[in-house]
Every structure is written in C-alpha cells, then in structure tokens.
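Engineer:
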Amino acid sequence: MARKFLSGDEAFAEGVRLAKPDVISAYPITPQTIVVERLSEMVEEGSLKSEFIHVESEHSALSCAMGASAAGVRAFTATSSQGLLYMAECLYYASGGRFPIVMMNANRSTALPWNIYGDQRDSLSQLDSGWIQAYAENAQESLDLALMSFRIAEHKDVSSPFMVNLDGFILTHTYEEVDIPESSDADRFLEPYKTENKLDPDNPKNMAFSAGPEHNYIFKYKEHRGMLNAVSVIKETEEKFERIFGRKYSGLIDSYRTEDADYIIITLGTVAGLCRETADKLRDKGIRAGALRIRYMRPFPAEEIAGAVKNAKAVSILEKDISFGNEGTVFSNVNSALHTAGVNIPSYNFIGGLGGRNISAADIEEIFEKTRSGAERVNFIGIEAGK
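Heads up: the sequence shown begins at 686 in this note's numbering, then just goes up one per residue.
Rendered as structure tokens:
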C-alpha cells in the first residue's frame, strides 16, 4: 500500500485505475476535469489498460458508456453540474437498461447565475433517475467509493448505475493523505466484469426496446427492486472491503454521538466534519449534540435515519439544495422517513452553501441553537425570513 498526498479528484482517479474499466468516456467540465485528465495520463503511460474516448459532449459521454456496457464491458465516465443536466435524458436510459455504469459527479451549482462552485443541486435534482447515489466526505472515502461502486453496481441482484458525488472544490481540489491499495488486493476485491445483459451474437436478445403499459410497469418495478437490493449488497461489499483493506465503513449513514443526543444535525458530504466538531464543542458545554451524515441518498436510508434520531428532542437537516417554492429535497426525504417510522419530533430545514457560499462554524452553532429553541420550517442561512 502506498500513501500519497492527493486531491479528491486525484484520489478518485486512483480508485478507478484499480477498478480497471475497459472503457472511459471523457468530457471535461470544472471541477471534475482532473479526474479524466489523470485517467488519460494513466492510459498513456500504461498503468491503466483501457479504451479512453474523448467525446464531444456530456450527453455523448454517457451514451458512449451505455454502448460499452451494452457490449458487455466495464464502463466509467464523469461530469458535473450543467454536464450532468445535459446527460439527464441518458440517465434514465442507463438505469432502465440496467447498465451498471459508474460515474463520478463533482457537485457544483447549476445556472443561472453562472457559477463554478459547489452545492448539491445538480445530483439531488436527479434522485428519481434510477441511479444509486453516494456522497463522499474526504479523499480517502472518494478513492474507496470509486472501487466499491463498481462491485455494488455490477452485482447481479442490483444491476444499476452508480453516481459517486464529491463536493466541488471543497473535496475535489483539497489535498489530503490517501492510502492507495495494491493492485493485487484490488483484484481480490473486485472480480473481472461479467454480465448476461449484453449484445451477444451467440445468444441474441432484444435490448433498449419499447414496452407498452403492461410490460413497462413490470420493468420499472424490477428496477425499483434492484435499487432496494443494493442495501444488502452495500453491507456485504463494505464487509469484504474491510477484510481486504482494513478500512471500515458504516453503510448508508454515518452517525456521530447520536445515541444520547438531544439535538442532531443531518447533512451530506464534507460539511459533516464541521458538524461533528461543533457537536463536540457543545458537549463540552453540557449540550448533548450529535451529527448524522447521509452517505447514500439512493437507496434512501429511511429506517437507519429514524432509528438513529428516535430519542432526540429535535433535528435539523442542513443541505446545499432547495426545491424552489417548497423545501430542501433532503428535508423532504428525511421527514418522510421520520413520519413513516412514527418519530414525532420537531424538524427544521436549513439551506446553505448555494453557489459555494461558505458555511462557517458559527453557522453550525447557530443551527444547533435554533434546533434547541425552535425555528422556521425552512431557513436560509444568513438571510432573514421573508427577505
């Protein structure tokens, strides 16, 4: 195992290298570009044997990956923001075709106003597209998710595409020490790709066909079941990962001091670290605070979240997203989970980080304070209600 000082983008590229995709379809977009740049260098120098295809657009990138997957090989692509939205048509084709493509998305604000900095509105807008969605917190998890995502997506009981999300710039361009596994260990973890869902002259089948209401309904149900099956496959994959590499992950959520917490912040991605630090500070003052990071938005960890916060007095959901005219998408999902589980506690939505605006330690402390004292249903950090 080697240890290197890498950005989140570079760490993810190392994870993809270890997964050995047969086809990489690449189109640059900030802040994702470094991923495909590093992969192109790996292919050029020979450390990765893959067909690297520089396509003419993001739509073409995912179309190319679908073609490769339909031919029966492991495929990877990457994008961000408007690029992901340009792919939107293809997202549904990929999931409906049960093509286990892995795609890295560098979370970035969507236009207008034009902005290259990170929020999570791009990926959260595509929760209904049929892709598994995971959110990394640091560079090490980025590398590890790159490797695990292929195994999860390609499992015969799942057969669903996988989107790994990294916070733009905060994670994609921040450098940290990262442990890079040996290729031999990666090969033990991730077997060569095999599938029957492919074009095969010796075993002809119809793929990407039209289906009327009676049959289309069944296909959509099977797609839903495949996503639900991912829950047990994620657990099994993380257990195998720990046995081989020694790093342990916590499944769909990552709870911190929630067992006896009165007040809990629920969030995604890199800001979770600041929430944990603030919870520790409040604990020193006698306030029982906790933090919960959602690692997977699809499949959604409804039971896990409800179980983790059931003893709290109140929770707040902090997210870098807003469904205009309503509330944050993460908030909607969490509240549904709490209601279904019969967890009747106050919940508040805090919107922050849009367009990359900083979320400070003082902001997190204020969220905890408002979680204790009460707040509006939906709150924009740093903006007075109604202004």
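All C-beta atoms, glycine included, are put in the ideal place defined by N, C-alpha and C.
Check this for me: beta carbons of V642 and A698, under 8 Å apart or not?
Structural biologist: Because residue 642 is not part of the residues shown, which for the chain are 686 to 1072, the question remains open.
Engineer: Assuming L967 contacts F1053 under a Cβ cut-off of 8 Å, what Cβ separation, rounded to an integer in Å, is found between them?
Structural biologist: Indeed they touch by this definition, with Cβ atoms about 6 Å apart.
Engineer: Tell me which same chain residues have a C-beta within less than 7 Å of the C-beta of I855, skipping the five on either side of it?
Structural biologist: Taken in chain order, the residues that qualify are G803 and T955.
Engineer: H739 lies in the alpha helix (DSSP H); which residues open and close that run?
Structural biologist: Here H739 belongs to no alpha helix (DSSP H); instead the beta strand (DSSP E) covers E736 to H739.
Engineer: When you compare each of A1047, L770, V740 and Y771 to F631 by their alpha carbons, which one comes out closest?
Structural biologist: The chain is shown from 686 up to 1072; residue 631 falls before or after that span and cannot be answered.
Engineer: Do Q818 and N850 have their beta-carbon atoms positioned less than 8 Å apart in this structure?
Structural biologist: Yes, the Cβ-Cβ distance between N850 and Q818 is below 8 Å.
Engineer: What are the residues that DSSP puts in a beta bridge with T762?
Structural biologist: T762 pairs with S710 and M788.
Engineer: Quick one: what's G975 bridged to in DSSP?
Structural biologist: According to DSSP, which records beta bridges pairwise, G975 is partnered with I949.
Engineer: Under a Cβ-count criterion, where at least 16 other Cβ atoms within 10 Å of its own Cβ denotes burial, should R702 be classed as buried or exposed?
Structural biologist: R702 comes out buried.
Engineer: Output the distance between the C-alpha atoms of C960 and D885, rounded to the nearest integer angstrom.
Structural biologist: The straight-line gap from Cα to Cα measures roughly 51 Å.
Engineer: Which runs of the beta strand (DSSP E) spanning at least 3 residues fall entirely within the segment 949-1028, listed in chain order?
Structural biologist: Here the runs fully enclosed are 974-979, 981-983 and 999-1004.
Engineer: Mind checking whether I951 and A997 have CB atoms under 8 Å apart?
Structural biologist: It is not a contact, given that the beta carbons lie outside the stated cut-off.
Engineer: Touching or not, the segment 938-952 and the segment 823-838, by the rule of three or more beta carbon pairs under 8 Å?
Structural biologist: Taking 8 Å as the limit for Cβ pairs, the verdict is that the segment 823-838 does not touch the segment 938-952.
Engineer: Considering only C-alpha positions, which residue in the set S780, Y948 and I1066 is nearest to A893?
Structural biologist: Considering only alpha carbons, the answer is S780.
Engineer: Where do the ends of the alpha helix (DSSP H) carrying E927 lie?
Structural biologist: Its alpha helix (DSSP H) spans residues P898 to F930.
Engineer: Taking the CB atoms as reference points, tell me whether K1005 and L977 lie closer together than 8 Å.
Structural biologist: Contact: no.
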